[in-house]
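These notes concern the structure reproduced below.
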Amino acid sequence: MSSEEEIQAAQVTNEEYKIWKKNAPFLYDMVVTHALEWPSLTCQWFPDRERPAGKDYTSHRLLLGTHTSGQDQNYVQIAQVHLPNQDVEVDSSKYDEDRGEIGSYGGANARIQIVQQINHDGELNRARYCPQNCDLIATRTVMGETYIFDRTKHSLQPNADGKCRPDIVCKGQTGEGYGLAWSPLVQGHLIAASEDETVCEWDVNQYKKIDKAINPLKVYRGHTSVVEDVAWHAHHESLFASVGDDKLLLIWDSRESGDAPKHRVTAHDGEINAVLFSPANEYLICTGSSDKTVGLWDMRNTKTRLHSLEAHTDEVLQLAWSPHNETILASAAADRRVNVWDLSRIGEEQTPDDAEDGPPELLFVHGGHTARTTDICWSPQEDWHMATVSEDNVLQVFRPSTTALGQDEDDVGQDELE
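For what it's worth, full-length UniProt numbering labels the leading residue of the sequence shown as 1, then goes sequentially.
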């Protein structure tokens, strides 16, 4: 891109952000924007929630990382987030220009604050906690290894020497990677994707104190290019999926050979960056691609795509199923948008005016970022709450308004929105 094109693109981004900010009071019950010191490529809500006595907010935690591009020490980070109680009346029409917030709950309470940092070697591409023990945190590194940290064995402040001291080092891969997934059904089982075209599976229960390093239970070789993402099945403990730059969706059975996937599907016209099984429907799987689409698949017949979700204008990078609503799926793309889809609306009739805004299943578009969104996650505790991070150091926590979600009879008129 030439310098002139970059200037024009920046102007478009700035204008779109101004429009979003003007419309934000109508679109959200709450938006909190927090500037991180460094970009985070990863975010995940912890499962816990505290209700401080006498306070009108609940306290939550977020798992984050850093990407300092070699300019500073990198960390695994845990942030504390205060969210207003849903029964607290907030004036969503008031937008705090300085904080970039809607839905204030008063006082000088820190809304988002980093409460623990653990030294990490190199940029942290992805971090995920073990669902059966959320103190165990796995990270994907730029060196190829996967680290495991027990956060309770590390102080809240990082050691001044800057040394990274993972409690377990998972060996077996030589390329960096992003895809990382703990088994929701078998405690301690972990899979990771790599640029070396492999997927490795480890059992962290094999760890012995005399040696931090553990070797993989199995190495899966079926891709012919970079493996971008992996995901476990929510109901069948031996099934998982992997996707890659070879445009392939592979579904594996860990009880079988590591060289023969159960299903092999050329799923997209471009590189596949994300994959997820539905937590509610055991046959449904979704994929996000550089071809700008999200693909929906039925595991019983992978020869034909069930449906394509089409509204993004750049490559789809991340996917997240809502833990509260089985038909709600979110996708993040390089177009700086987070789209929220309602699969129950697929095929509904539309007026020509509605069709101009996107397909019927496109429920909501979050346009609050001015750079690529790097990760998204739904709160497991608070319905419709999301956290998103982007390449320009921004962390946003938001809840769409019931009006914007089409759940309010007193809809905002189109003349009020730009």
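We treat Cβ as the ideally placed atom computed from N, Cα and C, and that holds for glycine.
C-beta contact flag for residue i and residue j at 8 Å
i	j	result
residue 131	residue 166	no
residue 305	residue 259	no
residue 330	residue 376	yes
residue 201	residue 223	no
residue 396	residue 81	no
residue 138	residue 182	yes
residue 187	residue 129	no
residue 392	residue 373	no
residue 155	residue 177	no
residue 419	residue 203	Outside the shown range of the chain, which is 1 to 418, sits residue 419, and nothing can be said about it.
residue 327	residue 308	no
residue 170	residue 146	yes
residue 303	residue 272	no
residue 242	residue 226	no
residue 119	residue 158	yes
Local conformation of residue i per DSSP, three classes
i	result
residue 109	Low per-residue confidence applies at residue 109: pLDDT is 44, beneath 50, and the placement is therefore not dependable enough to give any value.
residue 142	coil
residue 346	coil
residue 21	helix
residue 3	helix
residue 356	helix
residue 237	coil
residue 71	coil
residue 42	coil
residue 14	helix
residue 151	helix
residue 9	helix
residue 187	coil
residue 226	coil
residue 325	coil
residue 116	strand
residue 273	strand
residue 206	helix
residue 308	strand
residue 92	Residue confidence is low: residue 92 scores 48 on pLDDT, short of 50, so the model does not pin down where it sits. No coordinate-derived value is stated.
residue 50	strand
residue 164	coil
residue 395	strand
residue 319	strand
residue 34	strand
residue 384	coil
residue 174	coil
Through-space distance from residue j to residue i, alpha-carbon basis
i	j	result
residue 110	residue 63	Residue placement at residue 110 is poorly supported in this model, since its pLDDT is 43, which falls under 50; the coordinates are not used for a value here.
residue 264	residue 135	35 Å
residue 313	residue 335	6 Å
residue 151	residue 127	12 Å
residue 214	residue 383	38 Å
residue 379	residue 347	28 Å
residue 277	residue 298	10 Å
residue 401	residue 11	28 Å
residue 122	residue 141	7 Å
residue 212	residue 117	21 Å
residue 301	residue 284	10 Å
residue 338	residue 386	10 Å
residue 315	residue 124	22 Å
residue 239	residue 266	19 Å
residue 291	residue 13	22 Å
residue 92	residue 8	Bear in mind that a pLDDT of 48 at residue 92, under 50, signals an unreliable position, so the model cannot answer this.
residue 153	residue 42	22 Å
residue 364	residue 398	12 Å
residue 282	residue 199	22 Å
residue 162	residue 40	19 Å
residue 254	residue 236	11 Å
residue 205	residue 349	52 Å
residue 38	residue 78	14 Å
residue 210	residue 173	22 Å
8 Å Cβ cutoff, residue i in contact with chain B
i	result
residue 239	Among the chains of the structure shown, chain B does not appear; only one protein chain is present.
Residues sharing a beta bridge with residue i, DSSP
i	result
residue 84	57
residue 400	28
residue 220	199
residue 375	389
residue 301	298
residue 231	241
residue 253	239
residue 121	Answer by DSSP bridge pairing: none, since residue 121 is not bridged.
residue 129	137
residue 65	76
residue 263	251
residue 339	331 and 365
Could you check whether the stretch 340-356 touches the stretch 10-29, counting it as contact only if at least three pairs of C-beta atoms, one from each stretch, sit closer than 8 Å?
no
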